[in-house]
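Line order of the protein sequences matches chains R and L. So for the first sequence, our numbering puts the first residue at 40; every next one is plus one. So for the second sequence, our numbering puts the first residue at 40; every next one is plus one. Quick reminder that beta carbons are idealized off the backbone N, C-alpha and C, glycines included. Bear in mind the structure is a predicted one, so any value in this text is a computation, not a measurement.
Protein chains: 2
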Amino acid sequence: MAEDTVKPERPGGFLDFLPPDYLAREKMLKTIEKVFRSFGFDPIETPRLEFLKTLAGETSDTGKNIFHIKSTHDDEPLAMPFDHTVPFARILAANPYNTRTKAGIRLPWRRMVVGPVFRSDTPQSGRYRQFYQFDADIAGASSMLADAEIVAIMFLTMEALGVKQFKIRLNNRKILNGLAKLANIADREEVSTDDITKEMMRILDKLDKIGLDKVLAELQAEPETALDAAPALSGDAIEKIRAFLNLKGNNEEKLSLCRTVFEGVSIAQEGIDELGQILEYVAGMGIPSEPLEIDFSIARGLDYYTGPVMETVLLDAPEFGSVFSGGRYNNLVSRFTGKELPATGASIGVDRLFAALSHLEAIDRSEETVAEVMVLRIEKDRDADYLRIATDLRSVGINTEISLADDTTFKKQFNFAISRGVKFVIICGGNEFEKGTIQVKNLQTRKQEEIPRDELMKYFK
Amino acid sequence: MAEDTVKPERPGGFLDFLPPDYLAREKMLKTIEKVFRSFGFDPIETPRLEFLKTLAGETSDTGKNIFHIKSTHDDEPLAMPFDHTVPFARILAANPYNTRTKAGIRLPWRRMVVGPVFRSDTPQSGRYRQFYQFDADIAGASSMLADAEIVAIMFLTMEALGVKQFKIRLNNRKILNGLAKLANIADREEVSTDDITKEMMRILDKLDKIGLDKVLAELQAEPETALDAAPALSGDAIEKIRAFLNLKGNNEEKLSLCRTVFEGVSIAQEGIDELGQILEYVAGMGIPSEPLEIDFSIARGLDYYTGPVMETVLLDAPEFGSVFSGGRYNNLVSRFTGKELPATGASIGVDRLFAALSHLEAIDRSEETVAEVMVLRIEKDRDADYLRIATDLRSVGINTEISLADDTTFKKQFNFAISRGVKFVIICGGNEFEKGTIQVKNLQTRKQEEIPRDELMKYFK
């Protein structure tokens with residue numbers, strides 16, 4: 040038979056969660072959920088398979104980062120979602136509010152979602168191919184109060200998770216678009232202003248990794264081909280950008296200096312106003328200003344952001360990058376409806392955050408099992424009594440397991456209870472049955488108490 | 040742009056869960072989880088993708104009911120799990136307990152798992168292609184106490200879910216194997232005893248659907264080809280089976296009569312002993328005997344059961360079939376290790392159960408949102424005050440959302456709050472600010488109270 044056996048392997052980039060990891064992660068997820076729900080974010084769930092066209096768009100390439108499904112049962116190919124935002128958009132587009140029937144989703148709507156997303160990738164790279172994202176988004180609100188709530192949630196989540204050292208960095212795509220104006224970016228024969236602007240943002244986004252000099256050098260480099268979107272900025276433009284990125288001071292000072300730099304550039308002024316409003320609202324929610332930092336180099340890679348962008352970094356574990364980031368994207372449902380819909384939100388990379396908090400020793404893995412008490416079965420003919428003890432404990436809310444070992448010697452059972460990680464062991468042998476008592480051993484304090492059988496429930500209450 | 044848009048469709052057989060469905064289902068899942076955990080079942084999670092060979096076996100066919108993944112990144116094909124049992128077995132095989140390092144999983148081990156499983160199928164059939172299963176299994180225990188716990192959990196889960204009318208039906212594969220002996224099933228040239236026995240069980244399993252006469256006729260029918268595993272029982276054997284299936288009485292009477300029928304058939308006697316033990320243990324856990332029913336026709340289709348089998352049917356919604364079923368399977372890890380490991384467990388078809396309970400109007404969908412209070416924004420320059428009110432409410436544990444509507448007229452906001460399903464609305468206009476008060480409107484009772492601003496938190500506590 041052995042030659043026919045299958046190796047019990049897991050594909051690379053996928054994780055199992057066994058206790059105590061499962062329990063520690065569950066605690067983290069509940070903490071996050073509580074913060075999100077306190078703001079009225081409603082939970083939803085969407086399936087693990089969608090039409091590929093939903094995820095990748097009708098006109099897009101086939102999405103090489105997407106897990107495709109071989110299905111002979113569908114007219115359209117299926118695929119696994121790579122984020123929660125696209126299924127959220129599908130739901131909004133499919134369930135518009137109907138004023139007559141009062142069915143559908145009324146906007147504005149705060150929704151949260153937690154679950155796995157999937158990225159097809161080489162398993163060798165060590166990157167996760169399945170990981171949880173925990174998202175909070177608000178659809179249908181153009182007010183900066185919505186963006187401020189997202190920032191507040193970032194702060195309150197980190198606080199609730201016990202993270203002491205973190206920064207929430209804020210910027211606005213509108214300011215970066217203003218920067219493109221300031222740098223005189225314009226269409227070239229085969230490349231649009233838009234594409235060159237995006238390339239500029241992509242380069243700016245590398246500031247943390249490669250430093251200011253290299254960023255400026257890349258911004259100045261000439262295009263290698265006619266299709267290359269390299270910004271190829273003039274020396275004059277580079278100086279303006281250097282001045283912009285060097286703006287120093289607290290948030291109010293930065294915004295005020297920025298206002299001067301972008302005098303006459305209305306899109307940037309709008310972005311500055313928005314950031315000012317967010318800071319005001321966030322303060323109104325009682326959030327301290329200290330962890331909030333205006334950082335004009337933050338671009339957040341994704342094309343779809345249209346307004347404020349934000350990210351959260353752990354100061355004692357910067358190598359994990361941003362663990363909670365997002366921004367405003369007003370084109371959420373345009374793939375489905377062709378129309379704009381204001382939306383803002385942010386996403387936690389749950390497994391990355393869990394890894395980062397583990398690295399910081401901020402994850403409590405002490406709970407090895409949900410079982411709190413183990414009842415040993417010592418006397419052969421006393422099962423009915425042991426079962427009754429377990430039942431009584433469960434009736435007062437104590438998770439109780441009864442020893443199931445085939446080897447019913449006391450020592451074996453007792454050692455098993457220790458290795459299992461339960462907090463209490465119930466020991467009841469011939470002596471105790473005679474006296475009508477029970478021995479309760481606390482495995483943490485090593486203290487053993489003999490109590491009357493009929494006080495058991497009171498003892499554990 | 041419209042011609043490029045994608046229809047916001049979901050593939051057939053996949054579900055979205057929006058509030059209030061999400062919240063109602065979440066409540067059901069938490070109820071189940073609480074019962075499982077009270078017995079010490081530890082939660083785990085395994086990935087949504089596994090190696091196909093893990094799921095389908097090395098020598099098996101490619102598993103036509105399995106969703107296959109196109110992945111160029113893996114040496115082995117990947118696929119989506121169709122149940123939780125195989126990944127559970129993989130985990131057990133991959134993490135054997137090491138007495139020296141004390142790493143790995145110590146047996147016996149109770150584990151629970153909840154999450155989606157996937158069946159590739161034609162979407163037209165209306166069957167779910169993704170559905171949640173909620174499993175409880177015990178590995179490494181050969182005692183019938185383990186099986187009794189599974190039965191107890193079935194009862195307690197139904198009770199906790201508020202189901203009044205249900206039966207838990209019990210049988211034992213060993214008795215059915217004895218029946219094959221009793222019916223003189225033996226190898227034919229091209230079909231083994233084992234295959235004929237399985238075919239007999241498959242036919243018996245249809246008793247509920249097609250009735251006794253048709254079952255007996257099928258059992259008697261001659262094989263159509265040399266490879267046909269039709270039992271082709273003799274008239275004598277048919278009479279024995281008829282007598283067996285007609286055994287009447289309460290559970291003790293049935294077992295006692297059964298003992299006589301199977302006199303000398305040791306495998307069946309063993310099965311009868313096991314059922315007797317289960318009933319005794321279950322009674323020891325304080326479970327009433329009334330919903331438990333020995334039913335010798337239950338076979339539970341799957342090949343891998345080796346001992347007791349059980350299923351739960353809702354008497355007022357029998358058309359939904361068994362909503363919680365399982366049994367003992369001692370070959371759990373043999374695919375991976377080539378060895379036997381005793382295991383027993385059961386699985387809830389969550390989405391089927393949810394549908395059945397909805398049908399029985401036993402699902403409470405009244406919670407439309409997690410938000411309990413909505414704070415209206417009536418005065419234009421009072422956002423700081425409204426934010427403070429919301430923050431104060433959250434600080435005492437009340438999920439509070441602040442009105443985000445762009446149209447800030449009172450009527451629009453108030454109507455929105457009603458359609459949103461929050462329980463309370465906070466109304467604070469110029470008058471209230473002047474007096475230092477707040478209007479709290481209970482949308483359920485329609486009662487409105489004016490309270491001092493500084494008593495808000497106390498009011499909601």
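Bridge partners - T476/L, DSSP secondary structure assignment: P491/L
Contained beta strand (DSSP E) runs [length at least 3] in the region 371–438 of chain L, N- to C-terminal order: 382–388, 412–414
7 Å Cβ cutoff met for G365/R and A382/R: no
Contacting positions in the region 322–338 of chain R - beta carbon closer than 7 Å to chain L: G323, M324, G325
M40/L at chain R interface by Cβ criterion, 7 Å: Note on M40/L: pLDDT 42, under 50, position unreliable in the model; no value is reported.
Contact set between A444/L and chain R, taken where Cβ atoms lie within less than 7 Å: P147
R367/R: first and last residue of the uninterrupted beta strand (DSSP E) it sits in: 361–367
Option in E263/L, N285/L, K237/L with minimal Cα separation from D252/L: N285/L
Beta-carbon proximity list for A118/L, same chain, < 8 Å, skipping 5 on both sides: L88, E89, F90, L91, L94, A95, G102, I105, F106, H107, I108
Closer than 8 Å at the beta carbon, the chain L residues around Q169/R: P86, R87, L88
Terminal residues of the alpha helix (DSSP H) in which I277/R lies: 274–284
Residues within the region 105–128 of chain L neighbouring chain R, beta-carbon criterion of under 7 Å: F106, H107, I108, K109, S110, H112, D113, L117
Chain R residues whose Cβ lies nearer than 8 Å to that of F161/L: The question names Phe, but residue 161/L in the sequence shown is Thr. Ordered by position in chain R, the residues that pass the 8 Å Cβ test against T161/L are H112.
Among Q163/L, E188/L, G154/L, S328/L, the one whose alpha carbon lies nearest that of F173/L: G154/L
Contacts around E379/L, its chain only, beta-carbon distance under 7 Å, and the 5 residues preceding and following it disregarded: N369, N370, S373
7 Å Cβ cutoff, K92/R in contact with chain L: yes
Given D403/L as reference, the closest of L200/L, I457/L, L184/L once Cα atoms are compared: L200/L
Those residues which DSSP pairs with G346/L across a bridge: Paired residue(s): none; G346/L is not in a bridge.
Contact list for the region 185–207 of chain R against chain L, Cβ threshold 7 Å: A185
Identified DSSP bridge partners for F170/L: V156/L
Within-7 Å CB hit, N438/R to chain L: yes
Sequence ranges, beta strand (DSSP E) only - wholly within the region 65–125 of chain R, length at least 3: 107–109
Cβ neighbours of I192/R in the same chain (closer than 7 Å, five flanking residues each side left out): V74, F75, F78, A175
Per-residue contacts from Y61/R into chain L (C-beta, under 7 Å): P82, I83, E84
Residues from the region 398–424 of chain L in contact with chain R, defined by Cβ distance under 9 Å: E407, T408, V409, A410, E411, V412, M413, R416, D422, A423, D424
N- and C-terminal bounds of the alpha helix (DSSP H) containing N216/L: 212–221
Test item: CB-CB of A307/R and G217/R under 7 Å: yes
CB-CB length for F170/L against V190/L, believed under 8 Å: Not confirmed; about 24 Å, so no contact.
Classification of D420/R by the beta-carbon crowding that lies within 10 angstroms, buried from 16 upward: exposed
Straight-line Cα distance separating V362/R from D122/R: 15 Å
Three-state secondary structure assigned by DSSP to E332/R: strand
Below-7 Å beta-carbon distance, R76/L vs any chain R residue: yes
Of the residues G274/L, A268/L, E263/L, the one placed nearest A256/L, counting alpha carbons only: G274/L
Chain L contacts from the region 366–392 of chain R (Cβ-Cβ distance under 7 Å): R374, F375, T376, G377
Range covered by the alpha helix (DSSP H) that runs through I317/R: 305–323
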